[in-house]
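Reviewing the structure listed below.
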Amino acid sequence: MATRILETTQDNKDQQEDLNKLKNMLLKSNYPLKEIEKLIQQTCQEFKSNKNKSNDKNDDTTGQIKDKNNNEFICSLTLPYAPGMEVLKRRLEKKLKIKLFFSYPYKLQLQFNQSLKVPSKSVLYQIPCSCKQTYVGQTKVGIDNRMKQHSKTINDNENNSNSEMVKHFQEKKFHCLFDTNDAFIIEEEKDYWKRRTKEAIYSIISESVNTHDEINEAWTPILHKAKHQIQRKIESARENYNKYKRTKT
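Here the sequence shown stands for residues 1 to 249, where the numbers follow full-length UniProt numbering.
Right under this line is the structure:
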(Lines of atoms letter the chains of each structure in order from A and count residues from 1; the text may use other names and numbers.)
(Lines give C-alpha, C1' and ligand atoms only; values in the text may rest on other atoms or scores of the structure.)
Protein backbone atom coordinates (compact mmCIF):
# COMPACT_ATOMS: atom_id res chain seq x y z
CA MET A 1 0.00 0.00 0.00
CA ALA A 2 2.91 2.35 0.70
CA THR A 3 4.34 1.58 -2.74
CA ARG A 4 0.98 2.38 -4.33
CA ILE A 5 0.88 5.74 -2.54
CA LEU A 6 4.37 6.61 -3.80
CA GLU A 7 3.46 5.54 -7.35
CA THR A 8 0.20 7.53 -7.56
CA THR A 9 1.16 10.70 -5.66
CA GLN A 10 3.87 12.99 -7.06
CA ASP A 11 3.82 15.80 -4.50
CA ASN A 12 6.08 15.15 -1.47
CA LYS A 13 3.65 16.80 0.94
CA ASP A 14 0.71 14.73 -0.36
CA GLN A 15 2.83 11.58 -0.15
CA GLN A 16 3.65 12.24 3.50
CA GLU A 17 0.00 12.96 4.35
CA ASP A 18 -1.12 9.71 2.67
CA LEU A 19 1.63 7.70 4.39
CA ASN A 20 0.55 9.14 7.74
CA LYS A 21 -3.05 8.12 6.99
CA LEU A 22 -1.83 4.63 6.13
CA LYS A 23 0.14 4.45 9.39
CA ASN A 24 -2.87 5.54 11.44
CA MET A 25 -5.11 3.05 9.66
CA LEU A 26 -2.68 0.21 10.42
CA LEU A 27 -2.33 1.33 14.05
CA LYS A 28 -6.13 1.14 14.45
CA SER A 29 -5.89 -2.40 13.09
CA ASN A 30 -3.45 -3.21 15.95
CA TYR A 31 -0.29 -3.51 13.88
CA PRO A 32 2.88 -2.70 15.92
CA LEU A 33 4.13 0.88 15.45
CA LYS A 34 7.80 -0.06 15.10
CA GLU A 35 7.04 -2.60 12.38
CA ILE A 36 4.83 -0.11 10.50
CA GLU A 37 7.47 2.64 10.55
CA LYS A 38 10.23 0.19 9.62
CA LEU A 39 8.39 -1.18 6.58
CA ILE A 40 7.22 2.24 5.36
CA GLN A 41 10.76 3.64 5.63
CA GLN A 42 12.17 0.58 3.85
CA THR A 43 9.57 0.89 1.09
CA CYS A 44 10.36 4.60 0.58
CA GLN A 45 14.09 3.88 0.31
CA GLU A 46 13.56 1.04 -2.16
CA PHE A 47 11.13 3.11 -4.22
CA LYS A 48 13.58 6.02 -4.43
CA SER A 49 16.42 3.70 -5.40
CA ASN A 50 14.36 1.93 -8.09
CA LYS A 51 13.14 5.26 -9.44
CA ASN A 52 16.70 6.57 -9.82
CA LYS A 53 17.75 3.37 -11.59
CA SER A 54 14.73 3.55 -13.88
CA ASN A 55 15.46 7.18 -14.78
CA ASP A 56 19.07 6.34 -15.63
CA LYS A 57 17.99 3.41 -17.79
CA ASN A 58 14.90 4.79 -19.55
CA ASP A 59 15.40 8.53 -19.97
CA ASP A 60 17.78 10.11 -22.47
CA THR A 61 18.75 13.80 -22.65
CA THR A 62 15.46 14.71 -24.39
CA GLY A 63 13.32 13.11 -21.68
CA GLN A 64 11.92 10.42 -23.98
CA ILE A 65 11.08 6.94 -22.72
CA LYS A 66 13.17 3.98 -23.85
CA ASP A 67 12.46 0.27 -23.59
CA LYS A 68 14.99 -2.53 -23.12
CA ASN A 69 15.68 -2.56 -26.87
CA ASN A 70 16.52 1.17 -26.78
CA ASN A 71 13.38 2.11 -28.75
CA GLU A 72 12.23 5.67 -28.11
CA PHE A 73 8.62 6.59 -27.21
CA ILE A 74 7.13 10.08 -27.10
CA CYS A 75 4.74 9.22 -24.23
CA SER A 76 3.02 6.38 -22.39
CA LEU A 77 -0.66 5.43 -22.09
CA THR A 78 -2.66 2.84 -20.12
CA LEU A 79 -5.69 0.98 -21.51
CA PRO A 80 -7.80 -1.90 -20.14
CA TYR A 81 -6.49 -5.31 -21.15
CA ALA A 82 -8.37 -7.54 -23.58
CA PRO A 83 -7.28 -10.96 -24.89
CA GLY A 84 -5.38 -10.77 -28.17
CA MET A 85 -4.20 -7.19 -27.72
CA GLU A 86 -0.50 -8.07 -27.48
CA VAL A 87 0.02 -8.05 -31.27
CA LEU A 88 -1.88 -4.78 -31.64
CA LYS A 89 0.20 -3.35 -28.79
CA ARG A 90 3.44 -4.01 -30.70
CA ARG A 91 2.04 -2.48 -33.89
CA LEU A 92 0.82 0.59 -32.04
CA GLU A 93 4.12 1.15 -30.28
CA LYS A 94 6.06 0.76 -33.53
CA LYS A 95 3.86 3.07 -35.64
CA LEU A 96 2.91 5.81 -33.17
CA LYS A 97 5.91 5.61 -30.80
CA ILE A 98 3.54 5.43 -27.81
CA LYS A 99 4.44 3.06 -24.98
CA LEU A 100 1.26 1.17 -24.13
CA PHE A 101 0.60 -0.46 -20.76
CA PHE A 102 -2.33 -2.66 -19.80
CA SER A 103 -4.53 -2.17 -16.75
CA TYR A 104 -6.87 -4.65 -15.13
CA PRO A 105 -10.40 -3.72 -13.95
CA TYR A 106 -10.36 -5.61 -10.63
CA LYS A 107 -7.43 -4.83 -8.35
CA LEU A 108 -6.69 -5.49 -4.68
CA GLN A 109 -6.39 -1.71 -4.20
CA LEU A 110 -10.15 -1.34 -4.76
CA GLN A 111 -10.78 -3.24 -1.52
CA PHE A 112 -8.81 -0.76 0.62
CA ASN A 113 -9.89 2.53 2.13
CA GLN A 114 -10.30 5.06 -0.69
CA SER A 115 -9.83 7.95 1.76
CA LEU A 116 -6.09 7.34 1.55
CA LYS A 117 -6.11 9.16 -1.77
CA VAL A 118 -7.05 12.83 -1.93
CA PRO A 119 -9.53 13.28 -4.83
CA SER A 120 -8.14 15.20 -7.79
CA LYS A 121 -10.06 17.97 -9.53
CA SER A 122 -8.57 16.94 -12.87
CA VAL A 123 -11.09 14.39 -14.11
CA LEU A 124 -12.87 12.90 -17.09
CA TYR A 125 -16.65 12.84 -16.77
CA GLN A 126 -19.80 11.78 -18.59
CA ILE A 127 -23.29 13.32 -18.66
CA PRO A 128 -26.17 11.14 -19.89
CA CYS A 129 -29.07 12.57 -21.90
CA SER A 130 -32.69 11.44 -21.46
CA CYS A 131 -32.60 10.22 -25.09
CA LYS A 132 -29.74 7.80 -24.22
CA GLN A 133 -27.03 9.95 -25.84
CA THR A 134 -24.00 10.98 -23.79
CA TYR A 135 -21.57 13.85 -23.40
CA VAL A 136 -17.95 13.14 -22.41
CA GLY A 137 -15.70 15.92 -21.16
CA GLN A 138 -12.54 16.67 -19.22
CA THR A 139 -11.75 19.40 -16.72
CA LYS A 140 -9.17 20.54 -14.18
CA VAL A 141 -11.56 22.64 -12.03
CA GLY A 142 -13.45 19.73 -10.46
CA ILE A 143 -16.73 18.15 -11.49
CA ASP A 144 -18.91 20.38 -9.26
CA ASN A 145 -17.58 23.63 -10.75
CA ARG A 146 -17.69 22.21 -14.26
CA MET A 147 -21.34 21.13 -13.85
CA LYS A 148 -22.25 24.65 -12.68
CA GLN A 149 -20.73 25.98 -15.93
CA HIS A 150 -22.64 23.43 -18.00
CA SER A 151 -25.90 24.13 -16.14
CA LYS A 152 -25.64 27.85 -16.83
CA THR A 153 -24.99 27.22 -20.53
CA ILE A 154 -27.95 24.82 -20.75
CA ASN A 155 -30.30 27.17 -18.90
CA ASP A 156 -29.25 30.14 -21.07
CA ASN A 157 -30.16 28.08 -24.15
CA GLU A 158 -28.72 30.58 -26.61
CA ASN A 159 -29.55 30.03 -30.28
CA ASN A 160 -25.93 30.46 -31.35
CA SER A 161 -24.45 28.52 -28.45
CA ASN A 162 -21.21 26.62 -29.02
CA SER A 163 -22.28 23.96 -26.52
CA GLU A 164 -22.78 20.54 -28.11
CA MET A 165 -25.38 19.75 -25.45
CA VAL A 166 -27.44 22.85 -26.28
CA LYS A 167 -27.15 22.14 -30.00
CA HIS A 168 -28.21 18.54 -29.39
CA PHE A 169 -31.51 19.22 -27.67
CA GLN A 170 -32.27 22.15 -30.00
CA GLU A 171 -31.93 19.70 -32.89
CA LYS A 172 -34.16 17.25 -31.00
CA LYS A 173 -36.75 20.05 -30.63
CA PHE A 174 -36.32 20.06 -26.83
CA HIS A 175 -37.68 16.53 -26.45
CA CYS A 176 -34.63 15.52 -24.41
CA LEU A 177 -32.18 17.12 -22.02
CA PHE A 178 -28.75 16.61 -20.47
CA ASP A 179 -29.17 16.67 -16.68
CA THR A 180 -25.92 17.67 -14.96
CA ASN A 181 -27.21 16.10 -11.73
CA ASP A 182 -26.68 12.71 -13.41
CA ALA A 183 -23.06 13.45 -14.32
CA PHE A 184 -20.38 11.11 -12.98
CA ILE A 185 -16.58 10.89 -12.93
CA ILE A 186 -15.09 8.22 -15.20
CA GLU A 187 -11.59 8.61 -13.82
CA GLU A 188 -9.02 11.08 -12.53
CA GLU A 189 -6.10 12.19 -14.72
CA LYS A 190 -3.76 15.05 -13.79
CA ASP A 191 -1.81 15.10 -17.07
CA TYR A 192 -3.52 17.46 -19.55
CA TRP A 193 -2.54 15.67 -22.76
CA LYS A 194 -3.46 12.27 -21.35
CA ARG A 195 -6.85 13.71 -20.39
CA ARG A 196 -7.35 14.91 -23.97
CA THR A 197 -6.43 11.50 -25.37
CA LYS A 198 -8.65 9.64 -22.90
CA GLU A 199 -11.49 12.07 -23.60
CA ALA A 200 -11.26 11.14 -27.28
CA ILE A 201 -11.16 7.40 -26.49
CA TYR A 202 -14.16 7.52 -24.13
CA SER A 203 -16.04 9.72 -26.61
CA ILE A 204 -15.50 7.23 -29.43
CA ILE A 205 -16.49 4.25 -27.28
CA SER A 206 -19.62 6.02 -25.94
CA GLU A 207 -20.48 7.61 -29.32
CA SER A 208 -20.90 10.91 -27.47
CA VAL A 209 -22.11 14.20 -28.95
CA ASN A 210 -19.07 16.27 -27.90
CA THR A 211 -16.21 17.28 -30.17
CA HIS A 212 -12.83 15.78 -29.30
CA ASP A 213 -9.31 15.31 -30.62
CA GLU A 214 -8.84 13.09 -33.66
CA ILE A 215 -7.43 9.63 -32.99
CA ASN A 216 -4.91 8.11 -35.39
CA GLU A 217 -6.48 5.26 -37.39
CA ALA A 218 -3.85 2.90 -35.97
CA TRP A 219 -5.90 2.99 -32.75
CA THR A 220 -9.02 1.57 -34.46
CA PRO A 221 -8.27 -2.17 -34.04
CA ILE A 222 -7.07 -1.82 -30.44
CA LEU A 223 -10.12 0.25 -29.45
CA HIS A 224 -12.34 -2.36 -31.11
CA LYS A 225 -10.67 -5.08 -29.04
CA ALA A 226 -10.97 -3.08 -25.80
CA LYS A 227 -14.47 -1.68 -26.42
CA HIS A 228 -16.36 -3.95 -24.02
CA GLN A 229 -13.75 -3.55 -21.27
CA ILE A 230 -13.87 0.24 -21.56
CA GLN A 231 -17.69 0.20 -21.56
CA ARG A 232 -17.65 -1.89 -18.39
CA LYS A 233 -15.19 0.54 -16.83
CA ILE A 234 -17.50 3.48 -17.60
CA GLU A 235 -20.53 1.64 -16.19
CA SER A 236 -18.59 0.67 -13.08
CA ALA A 237 -17.47 4.29 -12.63
CA ARG A 238 -21.10 5.43 -12.89
CA GLU A 239 -22.27 2.94 -10.25
CA ASN A 240 -19.41 3.77 -7.87
CA TYR A 241 -19.94 7.52 -8.23
CA ASN A 242 -23.67 7.19 -7.56
CA LYS A 243 -22.90 5.18 -4.42
CA TYR A 244 -20.43 7.87 -3.38
CA LYS A 245 -23.05 10.61 -3.85
CA ARG A 246 -25.59 8.65 -1.78
CA THR A 247 -23.13 8.32 1.11
CA LYS A 248 -22.52 12.08 1.04
CA THR A 249 -26.24 12.83 1.31
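The beta-carbon is built from N, C-alpha and C at its ideal position, and this holds for glycine as well.
Item to check | Option in P83, K95, P119 and F178 with minimal Cα separation from F102 | outcome: Of P83, K95, P119 and F178, the residue nearest in Cα terms is P83.
Item to check | Distance CB(S122)-CB(E188) smaller than 8 Å | outcome: yes
Next on the checklist: At the 8 Å Cβ level, is A237 part of the contact set with chain D, yes or no?
Outcome noted: Absent here is chain D; the protein component of the structure consists of one chain.
Item to check | Coil, strand or helix - S206 by DSSP | outcome: helix
Next on the checklist: Once DSSP output is grouped into helix, strand and coil, what is the label at F101?
Outcome noted: strand
Checklist entry - At what residues does the beta strand (DSSP E) containing F184 begin and finish? => result F184 to E188
Checklist entry - Does DSSP put L177 in a helix, in a strand, or in coil? => result coil
Checklist entry - By Cβ distance below 6 Å, which residues in the same chain neighbour R146 in space, the five residues on each side in sequence not counted? => result T139
Next on the checklist: Here's the rule I'm using: 16 or more other beta-carbon atoms within 10 Å means buried, otherwise exposed. How should L22 be labelled?
Outcome noted: buried
Item to check | Cut-off 6 Å between Cβ atoms - residues of its own chain near D182, not counting five sequence neighbours on either side | outcome: Sequence-distant partners of D182 (beyond 5 residues in either direction) whose C-beta falls short of 6 Å from its own C-beta, in its chain, are P128.
Checklist entry - What is the DSSP secondary structure of S151, reduced to helix, strand or coil? => result helix
Checklist entry - Taking C-alpha atoms, which residue in I222, I143, I5 and A237 lies nearest to Q41? => result I5
Item to check | F184 beta carbon less than 8 Å from that of R246 | outcome: no
Checklist entry - From the DSSP output, which residues share a beta bridge with T134? => result Under DSSP, T134 takes part in a beta bridge, and its partners are P128.
Next on the checklist: At the level of alpha carbons, what is the spacing between K198 and L33?
Outcome noted: The straight-line gap separating the alpha-carbon atoms of K198 and L33 is approximately 41 Å.
Item to check | Bridge partner(s) assigned by DSSP for L79 | outcome: F102
Item to check | Nearest-angstrom beta carbon gap, I204 and I215 [assumed within contact, 8 Å] | outcome: 7 Å
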